[in-house]
Amino acid sequence: MAMLFLPAATFMEKTLRFPRSVSTMTSVFIMLIILAGIIYFFTNQLSDFSKDLPHLREQLTTVFNNAQHWVSKTFNVKVDEQVDYINQALNKLLSSSGAILGFTFGIFSTGFGFIIFFTLFFIFILNYRRLLNNFIITVFKERHKSRVQDAVNEIRIMTKKYIFGLCLQVIIVSILTSIVLTVLGVKYAILLAVLTGLLNVIPYLGIFTSLLISCFIAFATGSPSTCIYVAIGYIGIHAIDGNIVLPFVVGSRVKINALFSFIGILLGEHLWGIAGMFLCIPAIAIIKIICEKVEDLRPWGKLLGEEEKPNKKKKSYKISKNITLKEMD
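Whatever position you read off the sequence shown (first residue = 1), add 15 for my numbering.
In structure tokens, the structure reads:
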């Protein structure tokens, strides 16, 4: 995020002649306004969603009763026995309510602490970026300083492009999802679209989670056929994102393979919770960029990325002495 606001801070320092501290605090203020706008949007949408919860509960109750009768006819399990199973599960769930409450408070405290530390690191990186740059260069010997400076500059440019492309990907996926859900007549299309765009930052797991949420809302507020159409629409959006948006907007050079994406998600969730799941992929992409620019670390950069496709060999067919046809495999 600091890389994303770096051009704005540089513009304020060089063009507007702002001191570095003023440009840093202005960038922080802009970032907090954007964050507050996102929080306000979700709060407003969730408030509207909560008003429809009684209606959703009625529809889900109807679906649940129909499912009970189907299970009773198909598997010869009486409705009373099904209710007993459900009551036992609810009692176990309620008995662990203290743990659930503690987990909920832990999420809020972790999220609040994450915002504080995120803001502090944002300020420090912008304010002391020149000090960090000089430290990296002075670590190496004099004969390597020019190459290190070039590598640092290129890494900074590529990282900035990657993060900017990631933000564009979120916007594009959100727009595509909102169009699909609006055409299908799914309620809360804008909320689900923005949620899909944000969750899509988490590879594979994010789009699958948003698919389940959207199908659940479509099933509860519409019909089973709408749920199927939503699933088909999400598959199409994922195909467009993976084959068009990701290579051309984010860039194929920083694409992470599925294995290390999954490992990164697990490590990120273990270390920093939900926030770590969102931050792990940009962090791995930055590590990949650094590895590709350092000669001794290039094998690690290739390991993190996608497998390179072999060059297509040309086949030649000689028709006569003067005419030769060439064909690609």
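Glycine residues also receive a C-beta, built at the ideal position from the N, C-alpha and C atoms.
Residue j beta carbon less than 9 Å from that of residue i
| i | j | result |
| --- | --- | --- |
| alanine 246 | phenylalanine 137 | no |
| isoleucine 194 | threonine 211 | no |
| threonine 236 | valine 201 | yes |
| phenylalanine 345 | leucine 319 | In this structure the chain extends from 16 to 344, so residue 345 is not present and cannot be described. |
| tyrosine 177 | isoleucine 304 | yes |
| valine 216 | isoleucine 296 | yes |
| leucine 196 | glycine 257 | no |
| phenylalanine 20 | isoleucine 45 | yes |
| valine 309 | glycine 180 | no |
| isoleucine 271 | proline 218 | yes |
| threonine 224 | phenylalanine 234 | no |
| leucine 141 | arginine 35 | yes |
| isoleucine 243 | tyrosine 203 | no |
| glycine 316 | glutamate 307 | yes |
| leucine 61 | isoleucine 130 | no |
| leucine 294 | tryptophan 287 | yes |
| valine 260 | valine 188 | yes |
| methionine 292 | leucine 220 | yes |
Range of the contiguous alpha helix (DSSP H) that encloses residue i
| i | result |
| --- | --- |
| aspartate 165 | 160-199 |
| leucine 261 | Here leucine 261 belongs to no alpha helix (DSSP H), and DSSP marks it neither H nor E. |
| tyrosine 249 | 239-255 |
| tyrosine 55 | 35-66 |
| threonine 211 | 204-214 |
| threonine 153 | 144-154 |
| leucine 227 | 220-236 |
Residues bridged to residue i [DSSP beta-bridge criterion]
| i | result |
| --- | --- |
| glycine 320 | Ile271 |
Inset, instruction - Flag this pair as touching only if the stretch 177-192 and the stretch 36-43 have three or more C-beta atom pairs under 8 Å; answer yes or no. - result: no
Legend entry - Stretch-stretch touch, CB-based, cutoff 8 Å, three pairs: the stretch 82-94 with the stretch 224-236: no
Inset, instruction - Decide yes or no for the touch test of the stretch 158-174 against the stretch 204-218: beta carbon pairs closer than 8 Å, at least 3 of them. - result: no
Legend entry - the stretch 150-163 contacting the stretch 277-288, beta-carbon criterion three pairs below 8 Å: no
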